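Asks:
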Amino acid sequence: MLSRHANDLYWMARYVERADNLARILDATQHIASMPAAFSGNGNAWDSALASAACQDAFYRSYDRASRENVVAFLAFSAENPSSIRSCFEAARRNARSVRTALTIEVWDALNGAWLDIMSFDANQMLSQEFIRFLSWVKQSSLLIDGSAVRSMLRNDQFFFNQLGKYTERADNTARILDVKYHVLLPKDQPVGGGLDYYQWASILRAVSALTSYHWIYRDSLKPWLIADLLILRREMPRSLARCYANISELLTEIAQEYGEQGPSQSAARATYARLANQTMDNIFQRGLHEFLLDFIAENNRLGSRISEQYLS
Amino acid sequence: MRDLRFTATGKRAEAPISVTETPVFFDEMRLSNGKCRDAYGRLDNWMSGIDPEFLLKRQKEAELLFRRIGITFAVYGETTPQERIIPFDVIPRLITAPEWGKLTAGLEQRVRTLNAFLSDIYGPAEVLRAGIVPPDLIYQNPAFRPEAKNIAPPGGVYVPIAGIDVVRVDADTFYVLEDNVRTPSGVSYMLENRETMMRLFPELFENHSIAPVDSYIDRLLATLKSIAPDGSGANPEVVILTPGPLNSAYYEHTFLADKLGVELVEGIDLFVREGFVYMRTTEGPRRVDVIYRRVDDDFMDPLTFRAESVLGVPGLMSAYRAGNVSLANAIGTGIADDKAIYTYMPDFVRFYLGEEPILKNVPTWRCREEDARIHVLENIGDLVVKEVDGSGGYGMLIGPKADEEEIETFRARIRAAPAKYIAQPTLSLSTCPTLANNAIQPRHVDLRPFVLTGSKGISIVPGGLTRVALREGSLVVNSSQGGGTKDTWVLHGG
Chain A
1 MLSRHANDLY WMARYVERAD NLARILDATQ HIASMPAAFS GNGNAWDSAL
51 ASAACQDAFY RSYDRASREN VVAFLAFSAE NPSSIRSCFE AARRNARSVR
101 TALTIEVWDA LNGAWLDIMS FDANQMLSQE FIRFLSWVKQ SSLLIDGSAV
151 RSMLRNDQFF FNQLGKYTER ADNTARILDV KYHVLLPKDQ PVGGGLDYYQ
201 WASILRAVSA LTSYHWIYRD SLKPWLIADL LILRREMPRS LARCYANISE
251 LLTEIAQEYG EQGPSQSAAR ATYARLANQT MDNIFQRGLH EFLLDFIAEN
301 NRLGSRISEQ YLS
Chain B
314 MRDLRFTATG KRAEAPISVT ETPVFFDEMR LSNGKCRDAY GRLDNWMSGI
364 DPEFLLKRQK EAELLFRRIG ITFAVYGETT PQERIIPFDV IPRLITAPEW
414 GKLTAGLEQR VRTLNAFLSD IYGPAEVLRA GIVPPDLIYQ NPAFRPEAKN
464 IAPPGGVYVP IAGIDVVRVD ADTFYVLEDN VRTPSGVSYM LENRETMMRL
514 FPELFENHSI APVDSYIDRL LATLKSIAPD GSGANPEVVI LTPGPLNSAY
564 YEHTFLADKL GVELVEGIDL FVREGFVYMR TTEGPRRVDV IYRRVDDDFM
614 DPLTFRAESV LGVPGLMSAY RAGNVSLANA IGTGIADDKA IYTYMPDFVR
664 FYLGEEPILK NVPTWRCREE DARIHVLENI GDLVVKEVDG SGGYGMLIGP
714 KADEEEIETF RARIRAAPAK YIAQPTLSLS TCPTLANNAI QPRHVDLRPF
764 VLTGSKGISI VPGGLTRVAL REGSLVVNSS QGGGTKDTWV LHGG
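Line by line, the protein sequences are chains A and B.
The first sequence begins at 1 in my numbering and counts up one residue at a time.
The second sequence begins at 314 in my numbering and counts up one residue at a time.
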């Protein structure tokens with residue numbers, strides 16, 4: 001297939017996934033910000049939402065203060081912020097439009113519909129209730145777009161590149177959300193910091209829709225090292241780094257089989273996956289969670305560049 | 314941007330259509346005595362038995378279908394991200410087998426002539442030596458491409474895909490309004506309109522014998538493969554080159570690529586190495602043999618034409634010149650559908666084929682010729698006067714609507730530079746029954762049949778794109794001016 005088309009399919013999925021992640025981050029933030037400070041901690045929840053979305057620098061170039069209104073405007077509706085939810089849908093649709101022949105009607109419909117619908121939300125009328133409705137609409141739309149792809153696309157390189165974009169973006173997002181909160185995720189032998197952090201932990205899980213999954217897997221109350229374990233190493237968890245890399249390696253293997261040739265992307269993805277599979281939380285905490293996550297984000301970016309060099313240009 | 318009355322040009326010697334105070338238009342369904350023409354009998358019966366409300370409902374369904382599929386066009390200059398759909402009229406236009414037979418014979422003749430003219434003008438240029446057409450009309454024409462001189466496309470086919478616009482003025486006469494031989498569009502509407510009609514009115518297809526149009530896709534693919542360069546193998550790689558999603562016909566480009574099963578490429582997807590064209594794929598470079606291009610000459614190769622173009626492929630012309638890639642249509646075909654050249658088409662038919670033209674040109678007086686000029690100056694109040702290199706209604710005088718001062722200005726202009734002007738009568742376009750103002754009313758139509766020419770011959774799918782001027786009395790069928798489309802039925806065997 002055309003490299004440009006593969007590139008469009010890859011980025012289309014990345015943008016849809018990014019919109020979905022932004023909605024989850026904002027949802028969790030809304031939740032924690034509506035608690036009394038005694039439960040939510042002293043930090044500004046809206047500022048940490050910006051950090052999770054990797055948008056702090058760009059935000060403070062336009063705004064002085066991370067108020068709810070400002071952050072919502074910037075992360076959800078801003079046309080100037082290339083990573084806002086609105087911009088993500090716009091970019092995804094632009095990618096989709098130039099690769100129409102590779103998309104099924106279902107995927108196009110879902111994406112085009114989302115783009116047309118986003119206009120019906122008024123950024124200036126976002127009281128809490130509307131805002132929550134908006135966020136659930138974003139999640140539904142992303143689900144519909146990705147679900148249409150999974151249900152209707154042929155299992156060939158077009159689909160593989162599309163899904164590759166989704167998991168690469170997802171791995172990046174999960175790692176960033178963890179990194180913003182790494183200071184509340186303490187090693188097992190550290191004394192747990194009382195009730196204050198509890199809601200911070202819950203908000204991490206909420207941001208990746210894993211609150212219920214956590215209980216199913218651990219059958220235990222929230223413990224920070226288990227949260228880190230869940231989101232980094234547990235393959236059962238759909239947004240964990242290990243699961244993302246299991247999927248990425250698998251997709252790259254499919255592509256290599258279709259083309260009859262392996263390349264640097266395949267070996268890099270397998271190496272990262274193997275490291276995650278053989279890792280323990282004790283090791284990670286010993287090395288430092290923050291350092292581990294920074295390394296991972298850089299490695300994930302390098303894989304993106306390798307894929308781009310090998311296939312997309 | 315085309316106004317049916319004024320873009321066409323024609324030739325002096327043929328009888329002009331009479332211009333009357335209140336023009337009498339030929340209606341394709343109903344004779345002036347109110348009787349229904351035979352071809353429309355069944356349709357007329359069917360229509361008289363149904364409520365226009367029912368048709369309106371079906372029309373809405375059709376529009377919904379179009380929007381869902383994404384059959385849209387972008388209007389240049391509009392800032393909103395929403396694309397528009399072209400209004401679709403649910404009442405079909407009918408053409409009988411004998412009418413179609415005569416029309417196709419004329420279209421074949423026309424397209425053979427266009428190819429012969431292009432081979433000649435980019436080759437020996439005998440038509441100039443024979444004095445048929447003045448050399449300055451060719452060599453000073455911006456549509457003439459000196460870069461294409463002496464490049465013979467495979468099989469001598471310059472125009473694999475033509476969309477010849479014709480209008481009907483009475484029961485027997487079709488005029489050619491325009492020969493579109495650059496990058497004619499609209500064929501996706503022909504195909505989608507039929508699909509839609511078959512879904513909306515299956516009962517009409519049961520009681521009419523309608524020639525199918527869906528073989529167009531196979532014929533197009535066969536045509537494109539037939540013009541592949543020698544040595545491109547049993548299954549040549551065909552691609553469609555689009556200017557990209559911002560182009561107004563982008564939907565059609567994706568539609569065709571999808572149906573043909575070929576890649577839809579943009580300039581950046583292609584590159585030229587050692588005289589061959591390749592596309593960048595996820596599996597490395599792949600050689601391209603035939604490019605069905607929907608990009609104008611000017612933008613095809615920044616090394617040869619406009620240097621600032623990012624839509625084309627640097628070095629493409631070198632591969633083309635070496636005969637390593639075929640272009641549909643060839644470079645330089647624009648000279649053949651140029652307004653000034655159009656007026657010579659009947660002469661070209663006689664010159665190249667030794668035949669009398671089957672389809673007429675719209676009668677045109679060329680002011681560069683003395684007797685024509687005298688006629689125009691005397692009758693200017695009844696005529697439409699146009700600059701030969703003007704377009705979009707600029708530099709034009711509509712005699713019946715102009716005041717004395719404007720007429721005098723144009724008289725002076727024609728005297729000063731007669732070669733720059735041509736004049737035509739106002740055409741009486743035929744009308745067809747159309748759903749308008751909640752009723753069925755006559756509206757003016759034109760027709761664009763699509764003519765395919767491969768190395769093995771010409772192929773015309775029975776049908777075409779009928780465009781209809783939806784506003785009462787309007788002769789403007791253009792989609793940007795409130796024009797719509799209709800399905801065109803060529804009746805099989807009668």
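No residue lacks a Cβ here, since even glycine has one placed at the ideal position from N, Cα and C.
A quick note: this is a predicted structure, and the numbers were derived from the prediction, not measured.
#1: Going by Cα to Cα distance, which pick from Leu778/B, Val803/B, Ile693/B and Pro467/B is closest to asparagine 506/B?
#2: Please classify threonine 322/B: does DSSP put it in a helix, a strand, or coil?
#3: As a quick exercise: from Gly574/B, Val781/B and Val446/B, pick the residue whose alpha carbon is nearest that of aspartate 660/B.
#4: Please list, in chain order, all residues of the same chain as tyrosine 665/B whose beta carbon is under 6 angstroms from its beta carbon, the five residues on each side excluded.
#5: For the stretch 41-56 of chain A against the stretch 105-122 of chain A, do three or more pairs of beta-carbon atoms, one drawn from each stretch, fall closer than 8 angstroms, so that the two count as touching?
#6: Can you give me the C-alpha to C-alpha distance between tyrosine 488/B and leucine 672/B, rounded to a whole angstrom?
#7: What is the rounded straight-line gap between the Cα of proline 756/B and the Cα of arginine 380/B?
#8: Output yes or no for whether 8 angstroms exceeds the beta carbon distance between valine 424/B and valine 472/B.
#9: Output the distance between the C-alpha atoms of leucine 251/A and histidine 31/A, rounded to the nearest integer angstrom.
#10: Applying the criterion that 16 or more other CB atoms from any shown protein chain within 10 Å of the CB defines a buried residue, is alanine 547/B buried or exposed?
#11: Cα-Cα, which of Ile540/B, Glu550/B, Pro556/B and Met503/B is closest to isoleucine 530/B?
#12: I want to verify the contact list: residues of chain A whose CB lies under 7 angstroms from the CB of isoleucine 604/B, in sequence order.
#13: Measure the Cβ-Cβ separation of glycine 806/B and serine 522/B and say whether it is below 8 angstroms.
#14: Got a sec, what are the start and stop residues for the beta strand (DSSP E) cysteine 745/B sits in?
#15: Can you find a CB in chain D that lies within less than 8 angstroms of the CB of glycine 557/B?
#16: Look up aspartate 611/B in the DSSP assignment and say whether it is helix, strand or coil.
#17: Using a Cβ-Cβ cut-off of 8 angstroms, state whether arginine 593/B counts as contacting chain A.
#18: Give, in chain order, every unbroken run of the alpha helix (DSSP H) that is at least 4 residues long and sits entirely within the stretch 113-186 of chain A.
#19: With 8 angstroms set as the bound, which would you pick, yes or no: does the beta-carbon of valine 500/B sit closer than that to a beta-carbon of chain A?
#20: State the Cα-Cα distance for the pair serine 639/B and threonine 555/B, rounded to the nearest angstrom.
#21: Find the nearest neighbour of glycine 557/B within the set Ala570/B, Val551/B and Pro549/B, judged by alpha-carbon distance.
#22: What I want to know is whether the C-beta of phenylalanine 134/A ends up closer than 7 angstroms to one or more non-hydrogen atoms of the ligand ZN.
#23: In terms of residue numbering, what span does the beta strand (DSSP E) encompassing arginine 780/B cover?
#24: Does the Cβ of phenylalanine 367/B have 16 or more other Cβ atoms within 10 Å, making it buried, or fewer, making it exposed?
#25: Taking C-beta pairs closer than 8 angstroms, name the residues in chain A that glutamate 505/B reaches, listed in chain order.
#26: Can you find a CB in chain B that lies within less than 8 angstroms of the CB of threonine 174/A?
#27: As a quick exercise: from Ala685/B, Lys415/B, Arg371/B and Tyr435/B, pick the residue whose alpha carbon is nearest that of isoleucine 773/B.
#28: Closest Cβ-Cβ distance between serine 98/A and chain B: below 8 angstroms?
#29: Arginine 324/A to glutamate 576/B, Cα distance in whole Å?
#30: Pick out whichever of Ile25/A, Pro36/A and Val138/A has its Cα sitting closest to the Cα of serine 48/A.
#31: My output table needs one value for glutamine 737/B: the three-state DSSP class, helix, strand or coil.
#32: For the alpha helix (DSSP H) that contains valine 489/B, what are its first and last residues?
#33: Could you tell me whether the stretch 608-624 of chain B touches the stretch 282-296 of chain A, where touching means 3 or more Cβ pairs closer than 8 angstroms?
#34: Quick check on the DSSP output: what are the complete alpha helix (DSSP H) runs of length 4 or more inside the stretch 555-626 of chain B, in order along the chain?
#35: Taking C-beta pairs closer than 8 angstroms, name the residues in chain B that aspartate 157/A reaches, listed in chain order.
#36: So which residues of chain A does leucine 629/B contact, with C-beta pairs closer than 8 angstroms?
Replies: On the basis of the supplied data:
#1: Among Leu778/B, Val803/B, Ile693/B and Pro467/B, the Cα nearest to that of asparagine 506/B belongs to Leu778/B.
#2: At threonine 322/B the pLDDT is 35, less than 50, meaning the model places this residue with poor confidence; the figure from the coordinates comes in the next sentence. Threonine 322/B falls in the coil class under three-state DSSP.
#3: Measuring from the Cα of aspartate 660/B, the nearest candidate turns out to be Val446/B.
#4: Answer for tyrosine 665/B: Thr426 and Ala429, listed in chain order.
#5: By the Cβ rule, the stretch 41-56 of chain A does not count as touching the stretch 105-122 of chain A, because fewer than three pairs are nearer than 8 angstroms.
#6: Pairing tyrosine 488/B with leucine 672/B, the inter-Cα distance amounts to about 6 angstroms.
#7: According to the sequence provided, residue 756/B is arginine. The question's proline does not apply to it. Looking at the two C-alpha atoms, the distance is approximately 24 angstroms.
#8: The Cβ atoms of valine 424/B and valine 472/B sit closer than 8 angstroms to each other.
#9: Computed Cα separation, rounded: 35 angstroms.
#10: That one is exposed.
#11: Among Ile540/B, Glu550/B, Pro556/B and Met503/B, the Cα nearest to that of isoleucine 530/B belongs to Met503/B.
#12: Ordered by position in chain A, no residue passes the 7 angstroms Cβ test against isoleucine 604/B, which lies about 14 angstroms from the chain.
#13: In this structure, serine 522/B lies closer than 8 angstroms to glycine 806/B by Cβ.
#14: Per DSSP, cysteine 745/B belongs to the beta strand (DSSP E) from 744-749.
#15: The structure shown contains no chain D; the protein chains it does contain are A and B.
#16: Residue state for aspartate 611/B is assigned as helix, using DSSP reduced to three classes.
#17: At a cut-off of 8 angstroms between beta-carbon atoms, arginine 593/B makes contact with chain A.
#18: Within the stretch 113-186 of chain A, the complete alpha helix (DSSP H) runs of at least 4 residues are 128-152 and 157-180.
#19: Chain A, which has no Cβ nearer than 8 angstroms to the Cβ of valine 500/B, makes this no.
#20: Counting only the Cα atoms, threonine 555/B lies some 16 angstroms from serine 639/B.
#21: The shortest C-alpha separation from glycine 557/B is found at Ala570/B.
#22: As far as ligands go, the structure on display features none, and thus does not contain the ligand ZN.
#23: From DSSP, the beta strand (DSSP E) with arginine 780/B extends over 778-782.
#24: Label assigned to phenylalanine 367/B: exposed.
#25: Using a Cβ-Cβ cut-off of 8 angstroms, glutamate 505/B is close to nothing in chain A; its nearest Cβ partner there is about 14 angstroms away.
#26: Put simply, the CB of threonine 174/A is far from chain B, with every gap to its CB atoms at 8 angstroms or more.
#27: Of the candidates Ala685/B, Lys415/B, Arg371/B and Tyr435/B, Lys415/B places its Cα closest to the Cα of isoleucine 773/B.
#28: Proximity of serine 98/A to chain B, defined by a Cβ-Cβ separation below 8 angstroms, is satisfied.
#29: What the structure shows of chain A is the stretch from 1 to 313, and residue 324/A is not part of that stretch, so it cannot be assessed.
#30: For serine 48/A, the closest C-alpha among the options Ile25/A, Pro36/A and Val138/A is that of Ile25/A.
#31: Of the three classes helix, strand and coil, the one that applies to glutamine 737/B here is strand, per DSSP.
#32: Run containing valine 489/B: none in the alpha helix (DSSP H); it sits in the beta strand (DSSP E), 487-493.
#33: Not touching, per the Cβ criterion.
#34: Qualifying alpha helix (DSSP H) stretches, in chain order: 563-573.
#35: Near aspartate 157/A (Cβ distances below 8 angstroms), the residues of chain B are Thr595.
#36: Residues of chain A passing the Cβ test: none, with the nearest at roughly 17 angstroms.
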